[in-house]
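Asks:
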Amino acid sequence: MAAKKKLDFEGSMARLEEIVSLLERGDAPLDEAMKLFEEGAKLMRACTAQLDEAEQKVKLLTAGEDGEPVEQDFQEEV
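The structure is reproduced here in structure tokens:
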């Protein structure tokens, strides 16, 4: 069996959507449904970890000299 390559965030989200769709159809045998659920749970944990890491990087990059986050207004003025 070939080793599974690690998915990036977008690939993981796409696979999660696919798993949800398969489970919502309800026609998978119990054993297969449990495998899909397990895979989905692992992907969800991985995505959550990636989002947490990205949030920490954003906080670090937007911190002021005192280390506290600086308010950023990203709306364009018209």
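Using numbering that gives the first Met the number 0, you'd call the opening residue of the sequence shown number 0 and step up by one each time. Backbone N, C-alpha and C fix where the C-beta goes; we use that ideal spot for every residue, glycine too.
Tell me which same chain residues have a C-beta within less than 8 Å of the C-beta of Val19, skipping the five on either side of it?
Replies: Here residue 19 refers to the residue found at position 20 of the sequence shown. Result list for Val19: Gly39, in chain order.
Asks: What is the rounded straight-line gap between the Cα of Glu7 and the Cα of Ala13?
Replies: To locate residue 7, count along the sequence shown from 1; it is residue 8. To locate residue 13, count along the sequence shown from 1; it is residue 14. The identity of residue 7 in the sequence shown is Asp, whereas the question assumes Glu. Distance between the alpha carbons of Asp7 and Ala13 is about 10 Å.
Asks: Using the Cα positions of Thr61 and Val69, report the straight-line distance between them to the nearest angstrom.
Replies: As a position in the sequence shown, residue 61 is number 62, starting the count at 1. As a position in the sequence shown, residue 69 is number 70, starting the count at 1. The alpha-carbon atoms of Thr61 and Val69 are separated by roughly 6 Å.
Asks: Give me the Cα-Cα distance between Glu23 and Glu67, rounded to the nearest whole angstrom.
Replies: Taking the sequence shown and counting its residues from 1, one reaches residue 23 at position 24. Taking the sequence shown and counting its residues from 1, one reaches residue 67 at position 68. Their backbone Cα atoms lie some 44 Å apart in a straight line.
Asks: From this set, Glu54, Phe36, Gln49, which residue's C-alpha is nearest Glu17's C-alpha?
Replies: Here residue 17 refers to the residue found at position 18 when the sequence shown is read from its first residue. Residue Phe36 is the option with its Cα nearest to Glu17.
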